[in-house]
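Be aware that the sequence shown starts at 1043, since it is given in the numbering used here, and climbs by one per residue.
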Amino acid sequence: MDVFVRNVPANVSVRQLKAAFAAPLAECGIHDYHCEPFRNHPLAKITVLDSAAGDRFLSQYGVPARSPANARPRKSINCGGRTFRCGRSKDDLSDGSLKALRHEAAGRAAEALARPVASRGKQHIQRRRFEVTGVHCGTWDYDGFDLVFTSEATHRQAGTIYFGSREAVLLFGCAGSDQLRIDFDYWACENVVLGGDHTPSVTFTLRQSPKFYQVGGADMLAAGLEALMLGRAVARQPTPTKKRLLGFPNDLHTVTGTCKVYRISVASSDDLGHIRRLVQRTPKMPTNIAKPTRMVFPAQPRHVIMRKLQNDITDVKLYGALSFHVRYRLDRLARNGRLSPLAVIALLPTVQRLCDFKSSQSVAYAISRLYLTLSPAGPFVESKIFSEAGLVDQLEELCETSDRYHHHLNPYELVKRHQHIKLIHKIIITPTGTFLRGPEPEPVNRVLRKYPSHTDNFMRVIFQDEDGGSVRYDSQATQELVYHGRFKSVLDGSIIIAGQGFTFLGFSHSSLRAQSCWFMAPLILDGVMMYPPMVLKELGSFDSIRVPAKCAARIGQNFADTNATIDIEENELFGMEDVTRNNYEFSDGVGTISLALLQKIWRVYGTRRTLKPTALQIRYAGAKGMVSFDSRLAGNQLCLRPSMVKF
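(1) Can you tell me whether Leu1059 is buried or exposed, with buried defined as 16 or more other CB within 10 angstroms of its CB?
(2) I'd like the list of long-range same chain contacts for Phe1584, defined as Cβ closer than 8 Å, with 5 residues on each side in sequence excluded.
(3) Can at least three beta-carbon pairs, one atom from the region 1284-1291 and one from the region 1105-1116, be found at a separation below 8 Å?
(4) Checking the sheet assignment: what are the DSSP bridge partners for Ser1193?
(5) Going by beta-carbon coordinates alone, are Arg1208 and Ala1230 separated by less than 7 Å?
(6) Grab me the residues of Met1686's own chain with a C-beta within less than 7 Å of its C-beta, minus the 5 sequence neighbours each way, in chain order.
(7) Does DSSP put Ala1594 in a helix, a strand or coil?
(8) Would you kindly report the start and end of the unbroken beta strand (DSSP E) that includes Asn1330?
(9) Within a Cβ cutoff of 8 Å, which residues of the same chain sit near Val1368, ignoring the five residues on either side of it in sequence?
(10) When DSSP builds the beta bridges, which residues end up paired with His1083?
(11) By how many angstroms is the C-alpha of Gln1506 removed from the C-alpha of Thr1247?
(12) Could you pull the start and end residues of the beta strand (DSSP E) that Val1234 belongs to?
(13) Could you tell me how far apart the beta carbons of Leu1314 and Lys1141 are, in whole angstroms, since I believe they sit closer than 8 Å?
(14) Which residues in the same chain as Asp1133 place their Cβ atom closer than 6 Å to its Cβ, once the five residues preceding and following it in sequence are excluded?
(15) Should Lys1530 be labelled buried (16 or more other beta-carbon atoms within 10 Å of its own) or exposed?
(16) In the DSSP assignment, find the unbroken beta strand (DSSP E) run with Ala1556 in it and report its ends.
(17) Per DSSP, what kind of secondary structure is Glu1455 in: helix, strand or coil?
(18) Assuming Phe1126 and Val1047 form a contact by the criterion Cβ under 8 Å, report the distance between their Cβ atoms to the nearest whole angstrom.
(19) Drop a sphere of 10 angstroms on the beta-carbon of Met1576, count the other beta-carbons inside from all chains shown, and report buried for 16 or more, exposed for fewer.
(20) Within 10 Å of its beta-carbon, does Asn1353 have 16 or more other beta-carbons around it, so buried, or fewer, so exposed?
(21) For Cys1121, which beta-bridge partners are listed by DSSP?
(22) Taking the C-alpha atoms as reference points, what is the distance between Val1174 and Cys1301?
(23) Below 8 Å on the Cβ atoms is my contact criterion, and I expect Ile1331 with Val1423 to pass it. Report the Cβ-Cβ distance as a whole number of Å.
(24) Taking all protein chains shown into account, do 16 or more other C-beta atoms lie within 10 angstroms of the C-beta of Phe1692, making it buried, or fewer, making it exposed?
(25) Residues in its own chain within less than 6 Å of Leu1675 by CB, not counting five upstream and five downstream?
(26) Does DSSP put Gln1679 in a helix, a strand or coil?
(27) Please classify Phe1339 as buried or exposed, where buried requires at least 16 neighbouring CB atoms within 10 angstroms.
(28) Looking at the structure shown, is Asp1227 part of a helix, part of a strand, or coil, going by DSSP?
(29) Does at least one heavy atom of the ligand PLP sit under 6 Å from the Cβ of Ala1068?
(30) What are the partner residues of Tyr1304, as DSSP defines its beta bridges?
(31) When we look at the beta-carbon of Ser1055 and count the other beta-carbons within 10 Å, is it buried (16 or more) or exposed?
(32) Quick check on the DSSP output: the beta strand (DSSP E) that includes Leu1465 runs from which residue to which?
(33) With burial defined as no fewer than 16 other Cβ atoms inside 10 Å of the residue's Cβ, what is the status of Lys1117: buried or exposed?
(34) To the nearest angstrom, report how far apart Glu1146 and Arg1318 are at their CA atoms.
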């Protein structure tokens, strides 16, 4: 039987939980049990082999169901200053948990009998390799109150799963031929759900997509051991050729980017007990639970429903007239996998109704808060939260409380207080998918200042790996598909977000180091449709620059972040010669500025220091460099040298 424990201290370990329950369970004659704390939740589960002994334990230390909050058991169990509230679990005991407990009990009895004659020099080697029949990629959903797994993509092939100390590795295919490899990092895993005897499976709920590789012509066992780094001798062996993939070989609609739940079908139900013990004894393994769940298949593929959502938020006869900020956040809910596209479509009438009597900024901020407050669907989340009525109630409540209690946290209010800050939408490009973030406050640049009423037409695009870092060099794998097949196709093409197509515009030197750039959607200025080439021509003339790298650097000057700006009149700008001696230039990139103009900058820059700066780094039109204070200049004067003018 399963005993459900509430009021568990945060971040309690399995060892602490066992220490707290050891004496009470032994008092009731319970010696075979499992303790499972739920990470990031004040809950735990105790699985007991002997049901009669479990009833005796609950009669002494349990609290009846639906008891008031102040109800106390006959005997209490304390840990970390809290008193546990124990009760019978509503879920039935899974077959895998029962088999694991029986196997441990039999092993303990056999070990006790064989201990006098056993050799002390031999150590038990724990099994880490198990046969599988395939893997499904999908999402968690609810059928009424029951948790179900919705499969969106399937890869059916015999393979093997290896459980290491930090990651699990799936290998599909025969040894000596090309194999598909999938790496699951434990730190990126939310929880692990083990199935029952009828559907033996291991389900990983991930916060990010796993990494896919094609292993070329290597022994399967050797490749698995090398990937897990289980020994020095294995690490010294020649590494197989790996090629980074963008998902499943047959995934044509990038389901692997938006669906982050992977169900692995285990070949034999007898292996579930071994896997359960292995999962529980691995320190870096996330929260795990034994819970049989049904697998269902959607009536329509996910990309078809996603296309319908895009049409709904683009068509002006439906919901295309909503503010771009609102439509962007609705797209973000579905594209990032926080809600299913069907759930977002069901929210559209409510969003339209809220926009009729609320400002679009308030509704957009409420949708952002809904995105942040929603926990991903899973075994520890109630089904009513993701029901249509539950989502509508949450959105209406957030929209009501955002103006009342969270006014100071609203990013739109921050932009109103600071002129040098704009809200910038961001697109995250990874090897497996496209995700949305923001909008976030960022300092403006020359392009944003030139088109202040069209900020939504500019977007920062960030290229990164699944873990949020840069795609780094890997000596054991080629990244050709990532760079030339994925990232280059994005730069050469366009990204459709909420009905707007964004194409490449440019990048600054700092954004290039961060592997990001600027995209823009066409905008209408004075009745003229402006495209990226036309915007670049408005910024300056780059035709005389024939070196591509130099031309890109000069264009990038326009995207440099600036915290403060002032207007320079034409009669305040002067030129001056560079200081040269014997073909050496001593004034490269340094001009001068008068005291009056410097005082104007001090007022705009807003520094409160007593000691004011007299040397400034500037960007002015096509000029860049430093200017220093010259006490000989009268009035407002800015003197630039030829070495400062780049275009």
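Think of the CB as a built atom: it goes at the ideal place given N, C-alpha and C, for glycine as much as any other residue.
Reading from the atomic positions:
(1) buried
(2) Leu1578, Cys1593, Arg1596, Ile1597 and Phe1689
(3) no
(4) Gly1180
(5) no
(6) Gly1631, Gly1633, Ala1665, Lys1666 and Gly1667
(7) helix
(8) Thr1329 to Ala1332
(9) Val1393, Cys1397, Ser1402, Val1405, Ala1406 and Ile1409
(10) Partner(s): none; His1083 has no beta bridge.
(11) 21 Å
(12) Cys1231 to Leu1236
(13) 7 Å
(14) none
(15) exposed
(16) Where Ala1556 is concerned, there is no enclosing beta strand (DSSP E), given that its DSSP letter is neither H nor E.
(17) helix
(18) 5 Å
(19) exposed
(20) exposed
(21) Arg1124
(22) 21 Å
(23) With a Cβ gap of about 12 Å, Ile1331 and Val1423 do not count as contacting.
(24) The structure shown has nothing for residue 1692, since the chain only spans 1043 to 1689.
(25) Ser1636
(26) coil
(27) exposed
(28) strand
(29) You won't find the ligand PLP in this model; it holds no ligand whatsoever.
(30) Cys1179 and Phe1246
(31) exposed
(32) Ile1463 to Ile1471
(33) exposed
(34) 11 Å
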